[in-house]
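Asks: Mapping of the sequence shown onto our numbering: position 17 corresponds to residue 363, and the numbering continues sequentially without gaps.
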Amino acid sequence: MVTVVGAPAGLVRDTDGADVVVAVVTYNSSRVIGALLAALPAALASVRRCLVVVADNDSADGTPDLVRASAPWVRVINAGHNAGYAGGINLALRRYPAARAAYVLNPDAVPSPGSVSTLLDVVSRDPSIGIAVPLMLASDGTLCWSLRREPSVPRALGEALLGGRRAGRVALLGETVRDATRYRDGAVADWATGAAMMVTRAAINAVGEWDERFFLYSEETDYCLRVRDAGYRLQLVEAAQVVHQGGDQATSADLWALAAVNRTRLYRKRHSRPASAAYWAAVLLNEAMRARAGESRHRTAVRALLGAGPDQRSARATPAILSGSTLKGGARPSPASGPPGVGT
């Protein structure tokens, strides 16, 4: 049972606008969102004008009612269908645009006290920062490898041949930054996991909305790289922390396949057909090598990659492309996203 929590001190009315808008996308999130709601008033301390918005993707477990009952100060928007993580973010920020920054949070992310104002202070002091991300911790307090390098063919091959853990220790060979000494205040990265990120108003104005074609996974990669392309950087703020429980990708074959295909769709969006074919082949090799070990999620990913092909530039969202025989039930994933799937 979720306890009713008080409103943040700096909460504004709908029509007043807010310096910071916290945007949370939910889908059947009633089990996890209580901890976030309880943490937000302390996390938003010292933020003079703030608003919290939950965009719900047609939950069937009573998530919107739970939010309204336990935190009546939260603005709840019903999407009316499962619009995906990017779609939910866009819906929230269209309805409630932020004056200074939008703080995107997963429903299973728990921000530390004062962390929002800490992030806001950092981006306010340095206009070259477009995205600030907190230090991300697992439920047991261990460091989450949340910082990422830009996808490349050598990195995709490195992950396929060495596994993500080993490849990530070498910048040329892995996307995930797996060096704990890099997780220090002021560290920069090409992108970061989308469970918690503050995006400045200037960056939002420069790049626009999130790409809803990805639906879930790789949408944050795409957005961060677009912000970087616009001349802003992504920076880690060590003093701001978030505990993240993690999503369902590792236990769901459908979500694993969705993540694998979205990796190749993102690469094709940014690169030529020949380069994208090479990247697709490396991702396929990764999944095929692990499918031989008998893991069903990798077999599902192989089928999905073969079905989508290396030159997937459809305007449709990825679940629509992969519906039918590839994904069971048409793929209605949770927006509590984890990192894109790579070899272990």
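Beta carbons are placed, not taken as given, at the ideal position from N, Cα and C, and that holds for glycine.
For Lys674, which residues in the same chain have their Cβ closer than 7 Å to its Cβ, ignoring the five residues on either side in sequence?
Replies: For the purposes of this step, residue 674 is identified with residue 328 of the sequence shown, where counting begins at 1. Confidence in Lys674 is poor, its pLDDT being 42 and thus under 50, which makes the residue's placement unreliable; the coordinate value appears in the next sentence. Asp600, listed in sequence order.
Asks: With DSSP as the reference, label Arg414 as helix, strand or coil.
Replies: Here residue 414 corresponds to residue number 68 of the sequence shown, with the count starting at 1. In the three-state reduction of the DSSP assignment, Arg414 falls in the helix class, which pools H, G and I.
Asks: Note down the Cα distance separating Ser485 from Val588, rounded to an integer number of angstroms.
Replies: Residue mapping note: residue 485 aligns to position 139 of the sequence shown, counting from 1. Residue mapping note: residue 588 aligns to position 242 of the sequence shown, counting from 1. Taking the straight line joining both Cα atoms gives about 10 Å.
Asks: Roughly how many angstroms separate the alpha carbons of Val479 and Cys490, rounded to a whole number?
Replies: Walking along the sequence shown from the start, residue 479 turns up at place 133. Walking along the sequence shown from the start, residue 490 turns up at place 144. Taking the straight line joining both Cα atoms gives about 12 Å.
Asks: If you follow the beta strand (DSSP E) that Asn424 is in, where does it begin and where does it stop?
Replies: Indexing the sequence shown from 1 puts residue 424 at position 78. Per DSSP, Asn424 belongs to the beta strand (DSSP E) from 421–424.
Asks: Any idea what DSSP makes of Asp531, helix, strand or coil?
Replies: In the sequence shown, counting from the first residue as 1, residue 531 sits at position 185. Coil.
Asks: Under three-state DSSP, which class holds Val516?
Replies: Translated into positions along the sequence shown, residue 516 becomes position 170. The answer is coil: DSSP assigns Val516 none of H, G, I, E or B.
Asks: Cβ atoms of Ser376 and Gly408: under 8 Å apart, would you say?
Replies: By one-based count along the sequence shown, residue 408 stands at place 62. By one-based count along the sequence shown, residue 376 stands at place 30. Yes, Cβ-Cβ distance for Gly408 and Ser376 is below 8 Å.
Asks: Relative to the C-alpha of Val420, which candidate in Ala406, Asp360, Leu465 has its C-alpha closest?
Replies: The residue you call residue 420 lines up with position 74 of the sequence shown. If we check each option's Cα against that of Val420, Asp360 comes out closest.
Asks: Relative to the C-alpha of Arg619, which residue among Arg636, Asp657, Ala639 is closest?
Replies: As a position in the sequence shown, residue 619 is number 273, starting the count at 1. Comparing Cα-Cα distances from Arg619 to each of Arg636, Asp657, Ala639, the minimum goes to Asp657.
Asks: What residue does the alpha helix (DSSP H) around Ala634 start on, and which one ends it?
Replies: Counted from its first residue, the sequence shown places residue 634 at position 288. 619–637 is the span of the alpha helix (DSSP H), which, as asked, contains Ala634.
Asks: Would you call Gly554 buried or exposed, if buried means 16 or more other Cβ atoms sit within 10 Å of its Cβ?
Replies: Numbered from 1 along the sequence shown, position 208 holds the residue referred to as residue 554. Exposed.
Asks: Name the residue from Arg494, Ala502, Pro418 whose alpha carbon lies nearest to the alpha carbon of Ala538.
Replies: Counting from 1 along the sequence shown, the entry for residue 538 is found at position 192. Minimum Cα distance to Ala538 is reached at Arg494.
Asks: With a threshold of 16 other CB atoms inside 10 Å of the CB of Asp472, please say whether the residue is buried or exposed.
Replies: Position 126 of the sequence shown, counting from 1, holds the residue named residue 472. In summary, Asp472 is exposed, with fewer than 16 beta-carbon neighbours lying within 10 Å of its beta-carbon over all protein chains present.
Asks: Give me the DSSP bridge partner(s) of Val366.
Replies: Reading the sequence shown from its first residue, position 20 is the one you call residue 366. DSSP output for Val366 lists Cys396, Ala447 as bridge partner(s).
Asks: Whose C-beta lies closer than 7 Å to the C-beta of Val366 among residues of the same chain, with five residues either side of it excluded?
Replies: To locate residue 366, count along the sequence shown from 1; it is residue 20. Val393, Cys396, Ala444, Arg446, Ala447, Tyr449, Val462, Leu466, listed in sequence order.
Asks: Rounded to whole angstroms, what is the Cα-Cα separation between Pro354 and Val399?
Replies: The residue given as residue 354 occupies position 8 in the sequence shown. The residue given as residue 399 occupies position 53 in the sequence shown. So the alpha carbons of these two residues sit roughly 13 Å apart.
Asks: Below 8 Å, how does it come out for the segment 625–632 and the segment 495–510: are there three or more Cβ pairs, yes or no?
Replies: yes
Asks: Run the CB neighbour count on Arg559, radius 10 Å, all protein chains shown included, and call it buried at 16 or more, exposed below.
Replies: Looking up residue 559 in the sequence shown gives position 213. With 16 or more Cβ atoms within 10 Å of its Cβ, Arg559 is classed as buried.
Asks: Roughly how many angstroms lie between the CA atoms of Val648 and Glu584, to the nearest whole one?
Replies: By 1-based counting over the sequence shown, the position of residue 648 is 302. By 1-based counting over the sequence shown, the position of residue 584 is 238. Rounded to the nearest whole angstrom, the C-alpha separation of Val648 and Glu584 is 38 Å.
Asks: Among the candidates Leu631, Asn608, Arg638, whose CA atom is the shortest distance from the CA of Ala432?
Replies: The residue you call residue 432 lines up with position 86 of the sequence shown. Residue Asn608 is the option with its Cα nearest to Ala432.
Asks: In whole angstroms, what is the alpha-carbon distance linking Gly356 and Ala541?
Replies: Indexing the sequence shown from 1 puts residue 356 at position 10. Indexing the sequence shown from 1 puts residue 541 at position 195. So the alpha carbons of these two residues sit roughly 23 Å apart.
Asks: Leaving out five residues before and five after Ser474 in sequence, what residues of the same chain have Cβ atoms less than 7 Å from its Cβ?
Replies: As a first step, residue 474 is located in the sequence shown; it is residue number 128 there, counting from the start. Within the same chain, Ser474 has close Cβ partners Tyr578, Arg579.
Asks: Excluding the 5 residues preceding and the 5 following Ile423 in the sequence, name in chain order all residues of the same chain whose CB lies nearer than 8 Å to its CB.
Replies: Here residue 423 corresponds to residue number 77 of the sequence shown, with the count starting at 1. For Ile423, where only same-chain residues beyond five positions count, the Cβ hits under 8 Å are Val399, Val400, Ala401, Asp402, Leu437, Ala438, Arg441.
Asks: Can you give me the start and stop residues for the alpha helix (DSSP H) that Ala384 sits inside?
Replies: If you number the sequence shown from 1, residue 384 lands on position 38. Note, Ala384: alpha helix (DSSP H), 379–389.
Asks: Relative to the C-alpha of Ala389, which residue among Ala415, Gly352, Val413, Ser416 is closest?
Replies: In the sequence shown, residue 389 corresponds to position 43, counting from 1. The residue with the shortest Cα to Cα distance from Ala389 is Gly352.
Asks: Can you tell me whether Val523 is helix, strand or coil according to DSSP?
Replies: Within the sequence shown, numbered from 1, the residue matching residue 523 stands at position 177. Coil.
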